[in-house]
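Here the sequence shown is numbered in my numbering, starting from 258 and rising by one per residue. I have placed the structure first, in the form of structure tokens, so that the comments after it can refer back to it.
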Amino acid sequence: MKVLLAHRSIRKYQSKSISDELLHELLECGIRSSNTGNMQLYSIIVTRDQKRKELIAPLHFNQQMVHEAPVILTICFDINRFMKWCRINDTKTDFKSLLWLLNGAIDSSILTQNICVAAENMGLGICYLGTTLYNASEISKILCLPNGVIPITAITIGYPEIVPDQTDRLQLSAVVHYEEYCDYSDAEISEIYSSKERLESSISFVKENGKENLAQVYSEVRYKASDNSYFSSKLLKMLIEQGFNFE
Ligand SMILES: Cc1cc2nc3c(=O)[nH]c(=O)nc-3n(C[C@H](O)[C@H](O)[C@H](O)COP(=O)(O)O)c2cc1C
258 MKVLLAHRSI RKYQSKSISD ELLHELLECG IRSSNTGNMQ LYSIIVTRDQ
308 KRKELIAPLH FNQQMVHEAP VILTICFDIN RFMKWCRIND TKTDFKSLLW
358 LLNGAIDSSI LTQNICVAAE NMGLGICYLG TTLYNASEIS KILCLPNGVI
408 PITAITIGYP EIVPDQTDRL QLSAVVHYEE YCDYSDAEIS EIYSSKERLE
458 SSISFVKENG KENLAQVYSE VRYKASDNSY FSSKLLKMLI EQGFNFE
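Right, dumping it as structure tokens:
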């Protein structure tokens, strides 16, 4: 619990490498996680080679940690391996659906978080790369992913150089509902988000972006609608080209 409660994302790493033994143990912790039907419909691509990091860094919007972290893991939903097993056993699969993409994304996320917690427990730092889904198709090419292997998320891992302050969270009472969902009034919403809005970092974030409030920064700058629909369409196109069927 101490490890979990001390979590912060680490974006600046020492140049110190991670030993093969430790990396192997972290990966073992990852695949020990619960997964749908114990089918392990995932693959993990380990990137340690600097040249390949330089190739994938632009696809992660050149976030500095992608250049600097000793290890990057890209965790993928993988129906390729399972389909091949079915084919050589004279049976067909029908797992290229929304349901299985979600199942695979859940399994991949659980696996990833197991690795993160194991890594943090060993004094390492991690940071997720949400950019993985934004440029999944281009990342697939760099990592030579075949049809049916879809990048879901990625993490950087390394020994922390800078350990930042912890970030805020909404209070537990704001996110937990006992027995039934208790919908929020506008007044309750304002109260729930007020401490986040009052943070100095939020106030300067609003100012720097020339917006009136924090919600506008999130929805009009950071995760604006045009980007959302652009990256969403790109991802959907890739999935459809690979034979996924969402009907
Ligand atoms: C799925 C996912 C994607 C993320 N993508 C990025 C990213 O691309 N770049 C980054 O710096 N942080 C990324 N993060 C880290 C979040 O920004 C961070 O977890 C959040 O701000 C809370 O801060 P903390 O982890 O330090 O508590 C991501 C986190 C998750 C879970």
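Glycine included, every Cβ here is placed at the ideal spot set by N, Cα and C.
Return the chain-ordered list of same chain residues with a C-beta closer than 7 Å to the C-beta of ASN392, the five sequence neighbours on each side being excluded.
For this step, residue 392 is matched to residue 135 along the sequence shown. Around ASN392: LEU316.
Determine, using beta carbons only, whether ASN371 and SER290 come nearer to each other than 7 Å.
Residue numbering aside, residue 371 sits at position 114 when the sequence shown is read from its first letter. Residue numbering aside, residue 290 sits at position 33 when the sequence shown is read from its first letter. Their beta carbons are under 7 Å apart, which means ASN371 touches SER290 by this criterion.
Using a Cβ-based criterion (distance less than 6 Å to any ligand heavy atom), does THR388 qualify as near ligand 1?
Locating residue 388 in the sequence shown gives position 131, counting from the first residue. Because some heavy atom of ligand 1 lies under 6 Å away, the Cβ of THR388 counts as near it: yes.
Let me check one thing: in DSSP terms, what residues is CYS333 bridge-paired to?
Counted from its first residue, the sequence shown places residue 333 at position 76. Answer by DSSP bridge pairing, in chain order: SER300, PRO408.
Collapsed DSSP secondary structure at SER272 in the structure displayed
The residue given as residue 272 occupies position 15 in the sequence shown. Coil at SER272, not helix or strand.
Taking 6 Å as the cut-off, is the beta-carbon of SER490 closer than that to any non-hydrogen atom of ligand 1?
Taking the sequence shown and counting its residues from 1, one reaches residue 490 at position 233. It does not: the Cβ of SER490 is nowhere closer than 6 Å to a heavy atom of ligand 1.
Taking 6 Å as the line, does the beta carbon of GLU479 fall inside it for any heavy atom of ligand 1?
Locating residue 479 in the sequence shown gives position 222, counting from the first residue. First, the amino acid is wrong: residue 479 is Arg here, not Glu. Incorrect: ARG479 has no Cβ contact closer than 6 Å to ligand 1.
Judging by CA-CA distance, which residue of TYR438, TYR385, VAL406 is the nearest neighbour of ILE367?
Looking up residue 367 in the sequence shown gives position 110. Selected option, being the one with the closest Cα: TYR385.
How is VAL420 classed by DSSP in three states: helix, strand or coil?
If you number the sequence shown from 1, residue 420 lands on position 163. Of the three classes helix, strand and coil, the one that applies to VAL420 here is coil, per DSSP.
The alpha helix (DSSP H) that contains GLY361, what's its start and end?
What you label residue 361 is simply residue 104 of the sequence shown in a count that begins at 1. That run of the alpha helix (DSSP H) goes 355-378.
Local conformation of GLY294 per DSSP, three classes:
Walking along the sequence shown from the start, residue 294 turns up at place 37. Looking at GLY294 - three-state DSSP - the assignment turns out to be helix.
Measuring straight from C-alpha to C-alpha, what distance separates ASP425 and ALA326?
Locating residue 425 in the sequence shown gives position 168, where the first residue counts as 1. Locating residue 326 in the sequence shown gives position 69, where the first residue counts as 1. Cα-Cα distance, rounded: 25 Å.
Residue from GLU504, GLN428, GLU395 with nearest C-alpha to ARG309:
What you label residue 309 is simply residue 52 of the sequence shown in a count that begins at 1. Out of GLU504, GLN428, GLU395, GLU395 has the C-alpha closest to the C-alpha of ARG309.
For ligand 1, is there any heavy atom lying closer than 6 Å to the beta carbon of TYR475?
Taking the sequence shown and counting its residues from 1, one reaches residue 475 at position 218. No, Cβ of TYR475 sits at least 6 Å from all heavy atoms of ligand 1.
Are there any heavy atoms of ligand 1 lying less than 6 Å away from the beta-carbon of THR413, as far as the coordinates show?
Here the question's residue 413 lines up with position 156 in the sequence shown. No; taking the cut-off as 6 Å, the Cβ of THR413 has no heavy atom of ligand 1 nearer than that.
Go through its chain and collect everything with a Cβ distance to ILE399's Cβ below 6 Å, but skip five positions before and after it.
By 1-based counting over the sequence shown, the position of residue 399 is 142. Only LEU312, ILE313 meet the Cβ criterion.
Could you tell me whether the segment 262-280 touches the segment 415-434, where touching means 3 or more Cβ pairs closer than 8 Å?
yes
So, under 8 Å CB-CB, ILE407 and CYS333 are touching, yes? Tell me the CB distance rounded to an integer number of Å.
By one-based count along the sequence shown, residue 407 stands at place 150. By one-based count along the sequence shown, residue 333 stands at place 76. With 8 Å as the limit, ILE407 and CYS333 qualify as a contact, their Cβ atoms being about 6 Å apart.
So does THR350 have its beta carbon nearer than 6 Å to some heavy atom of ligand 1?
As a first step, residue 350 is located in the sequence shown; it is residue number 93 there, counting from the start. Checking every heavy atom of ligand 1 against the Cβ of THR350, none is found closer than 6 Å.
Alpha carbons only, please: which of LYS481, GLY500, TYR450, PHE352 is nearest the one belonging to LEU429?
Taking the first residue of the sequence shown as position 1, residue 429 is located at position 172. Taking only the C-alpha atoms, the option nearest LEU429 is TYR450.
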